[in-house]
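Asks: The structure follows.
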Amino acid sequence: MKLKMTRQRSYLHLGENIDASKFVIVDFYVESDKDILETAEALAAESSIGTWTDVQTMNSDVFSTLAARIFYANADENIVKIAYPLELFEGENLAQLFSDVAGNVFGMKEINNLRVRDIRFPEAYVRMFEGPAFGIEGIRSVLEAGDRPLLGTIIKPKVGLSADEHAKVAYEAWVGGVDIVKDDENLTNQSFNPFEERVVKTIIARKKAEDATGKRKVYAPNISAPVSEMMDRAEFVKVQGGRVLMLDILTVGFSAVQHIRAQNFGMILHGHRAMHGAFTNNTKHGIAMLPIAKIARLAGIDQLHTGTVVGKMEGDEETVDEINDAMRKKWFDVKRTMPIASGGVHPGLIPEVIKRVEGEVIINLGGGIHGHPDGTQSGAKAAFQALEAAMEDVPLREYAKDHKELAKAIEKWGVYGDSREMTKELVTYKYGLKEK
C-alpha cells in the first residue's frame, strides 16, 4: 500500500520490534474514510509531537527521540498500535497521560470512530505510582473474612432516605450477613441526608452490627465532591472510625483520586465507575473499561466495579475476565485491586457470578437484597445463604429447602439458567418493555 505522504518525516515503523520497557503502547480501533496508514500517521502525530502541517521548529533530534511509532496497522480489522516513548510522559501524572493518548485525537476530522482498546505500561512508568494502599490482601485483613467472596450492598433507594433510615437499613444488611455497605454513586451531601450526620449514624450502626454478629463490617461513604471538600470529608470519616472511602473515580477525575491516595488516610479506597458507559459502551468509539481499570489501579483504588457478566449491567464474559485479570495479576510491586461485581444481582445469580468472576471478588447486591419480600435483613440472609451454597457446591434450590430466606428470594427472582433467569422486573428496567 502506497502512503500518501504529506509530511517530510514518517511515524510508520511497521513490523518493528518494539522494546516494551521503553514505550507506552496503545491499541486503537480506528475508522476513517481515508487510507488507514494516512489516518494512523495523523493520529500518531497529534498524540505525540506533531501537528497538521510541517513546522520550522521541528528538528531531527526531537523527531527521532520523541515521535510516536506506528508498529502495527490492519485495515481489515481497523486496528492501529502505537508506541509512545516513555520520555513523553510526566511521572505520576495521569491527567497528562489522557491528554496525550486520548486528547485531541478524538476531535480529528479524518477520524469517524476511535477507541482506546488497551494501554500497556512499561515497568518504569508503573513504578512511578503508589497503587492501592491495601489491595486484596489488605481488604481481607481488615474484614477478617478469610478467602471467601465478600458480600456487599448498596443502600436503596439510591437517594431519598434520611440519615436515620440509611443507618437502619445498613444495620439490617450487616446483621443479615453483608460485609460491606456502600452509598450509591449520586448520594453525597443532600439536604435530606447530610453527609456528616449519615456517616456518624451509619458507623454507630456498623459498630452495633459488629457487636451483634461478632464479625467485622465496613461502610463506604461517598466523598465525591470538589477536592478540598473531599479532603474534609475523608478526614471526618477517619475521625469517626471509618475504614473505607468511596470515590466516583471518573466524575471526580484521576487527579483527585491520586490526591486522596497520596494523603495515606489509612482507609480502603472503593472505586465506583459512574459515567463509564459514556466512554465504554460504544465498542467502536471512546475508551474501553480495561485501560480505565488499569489506570484506577495505578491511581490507588483498592476495590473497583468491573462488571458481572449477568445482571442489569452485564458485560460480556471475555471483557470482564480480561479486566478482572488485569486487576488481580502481579504487576511489579503494585498491590492487587479487588473487582466488584455489581448491577442487577440477586441471590439466584450468586453461584453463576462466582463461577464467572471467581473468588477474589466483592458481590454487590442492591435491589437483590432490599427487594426481598421480607425486607433487608432477610434479603441479606438470602444472599449469604446463596454464597454458602455456592461455596459448598450445593444447588440453590436444594439449599433453599432448609433456608427460608433463600427460598423466598428464589420464589421472587428465580435462579440463573431457569425460565425466570430474567424476571419481569429486570426485563422492564433493562429494556424498557411494558406489560401488555
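Residue numbers (our numbering): 2 to 437.
The beta carbon of each residue, even a glycine, is placed where N, CA and C say it ideally should be.
Keep in mind that this is a model prediction, so the values were computed, not measured.
Taking the CB atoms as reference points, tell me whether ASN187 and SER163 lie closer together than 8 Å.
Replies: Not a contact, by the Cβ cut-off of 8 Å.
Asks: Cutting at 8 Å between CB atoms, please list the residues of its own chain near GLU93, excluding the five before and the five after it.
Replies: The residues are MET129, PHE130, GLN259.
Asks: Could you check which residue in PHE333, LEU366, SER65 has the C-alpha nearest to that of PRO133?
Replies: For the residues PHE333, LEU366, SER65, the minimum Cα distance to PRO133 belongs to PHE333.
Asks: Looking at the structure shown, is GLU359 part of a helix, part of a strand, or coil, going by DSSP?
Replies: GLU359: coil per DSSP, three-state reduction.
Asks: Looking at the strands, I want to know which residues DSSP matches up with MET247.
Replies: Paired residues: ASN223, HIS271.
Asks: Using the rule of at least 16 other Cβ atoms within 10 Å of the residue's Cβ for burial, across every protein chain shown, is MET328 buried or exposed?
Replies: So MET328 ends up on the buried side.
Asks: Where do the N-terminal and C-terminal ends of the alpha helix (DSSP H) with SER343 fall, by residue?
Replies: Counting along the chain, SER343 falls outside any alpha helix (DSSP H), though it belongs to the beta strand (DSSP E) covering 339 to 343.
Asks: For ALA68, which three-state DSSP category applies?
Replies: ALA68 falls in the coil class under three-state DSSP.
Asks: Compute every distance between the C-beta of ASN75 and the non-hydrogen atoms of the ligand ZN, then say whether any falls below 7 Å.
Replies: Ligands displayed in this structure: none; no statement on the ligand ZN is therefore possible.
Asks: Give the straight-line distance between the Cα atoms of PRO352 and ASP375, rounded to the nearest whole angstrom.
Replies: Cα to Cα, the separation comes out at about 22 Å.
Asks: Can you tell me whether DSSP reads LYS239 as helix, strand or coil?
Replies: Helix.
Asks: According to DSSP, is ASP119 part of a helix, a strand, or is it coil?
Replies: Note: ASP119 maps to strand in three-state DSSP.
Asks: If you draw a straight line from the alpha carbon of ASN18 to that of LEU248, how long is it in whole angstroms?
Replies: Rounded to the nearest angstrom, the two C-alpha atoms are 40 Å apart.
Asks: Less than 8 Å between C-beta atoms, sequence neighbours within five positions excluded: which residues of the same chain meet that for LYS409?
Replies: The residues are HIS373, PRO374, ASP375, SER379, ALA383.
Asks: When the Cα atoms are used, what is the spatial distance from GLY108 to ASN325?
Replies: Approximately 31 Å, taken between the alpha carbons.
Asks: Report the three-state DSSP secondary structure of GLN97 (helix, strand or coil).
Replies: Helix, per DSSP.
Asks: Using the three-state DSSP reduction, which class does ILE411 fall into: helix, strand or coil?
Replies: Three-state result, ILE411: helix.
Asks: Start and end of the alpha helix (DSSP H) containing LEU144?
Replies: Segment 136 to 144, the alpha helix (DSSP H) holding LEU144.
Asks: Going straight from the alpha carbon of LEU366 to that of ASP28, what length do you get?
Replies: The alpha-carbon atoms of LEU366 and ASP28 are separated by roughly 34 Å.
Asks: Can you check whether the CB of LEU152 is closer than 8 Å to the CB of ASP180?
Replies: Yes. Within cutoff.
Asks: Assuming ARG149 and MET339 make a contact with CB atoms under 8 Å, what is their CB distance in whole Å?
Replies: Between MET339 and ARG149 the Cβ distance is about 13 Å, and since that is not below 8 Å, they are no contact.
Asks: Report all residues from its chain with a CB closer than 6 Å to the CB of ALA206; omit the five preceding and five following residues, and keep chain order.
Replies: Cβ within range, chain order: ALA168, ALA171, TYR172.
Asks: Please list, in chain order, all residues of the same chain as SER420 whose beta carbon is under 8 Å from its beta carbon, the five residues on each side excluded.
Replies: Low confidence applies here, because SER420 scores a pLDDT of 46, under 50, leaving its location unreliable and the question unanswered by this model.
Asks: Following the continuous beta strand (DSSP E) through PHE24, name the residue where it begins and the one where it ends.
Replies: From DSSP, the beta strand (DSSP E) with PHE24 extends over 24 to 32.
Asks: So, using beta-carbon positions, are ALA125 and LEU87 closer together than 8 Å?
Replies: Contact: yes.
Asks: May I ask which residues mark the beginning and end of the alpha helix (DSSP H) holding GLY177?
Replies: 164 to 177 is the extent of the alpha helix (DSSP H) around GLY177.
Asks: Taking 8 Å as the threshold (C-beta atoms), are PHE255 and ALA96 in contact?
Replies: Yes; because the gap between Cβ atoms is below 8 Å, this pair is in contact.
Asks: Give me the DSSP bridge partner(s) of HIS277.
Replies: Its beta-bridge partners do not exist; DSSP assigns none.
Asks: Can you tell me which of GLU91, ILE50, GLY308, ARG116 puts its alpha carbon nearest to the alpha carbon of ASN283?
Replies: Checking every option, the nearest Cα to that of ASN283 belongs to ARG116.
Asks: Run the CB neighbour count on LYS3, radius 10 Å, all protein chains shown included, and call it buried at 16 or more, exposed below.
Replies: Annotation note: pLDDT 34 at LYS3 (below 50); position unreliable, coordinate value reported separately. Result: exposed.
Asks: Grab the span of the beta strand (DSSP E) containing LYS82 for me, first residue to last.
Replies: Element bounds for LYS82: 80 to 86.
Asks: Specify whether the region 264 to 277 and the region 304 to 311 touch according to this definition: at least 3 beta carbon pairs, one from each stretch, less than 8 Å apart.
Replies: Short answer: they touch.
Asks: Do VAL127 and LEU13 come within 8 Å of each other at the CB atom, strictly closer than that value?
Replies: No.
Asks: Just to confirm the assignment: which complete alpha helix (DSSP H) runs, minimum length 4, are found wholly within the region 292 to 325?
Replies: For the region 292 to 325, not a single whole alpha helix (DSSP H) run of length 4 or above is found.
Asks: Are the CB atoms of THR377 and ALA68 within a distance shorter than 8 Å?
Replies: No, these two residues do not count as a Cβ contact at 8 Å.
Asks: Can you tell me where the beta strand (DSSP E) with ILE154 in it begins and where it stops?
Replies: The sequence given here places Thr at residue 154; Ile does not occur at that position. That run of the beta strand (DSSP E) goes 151 to 155.
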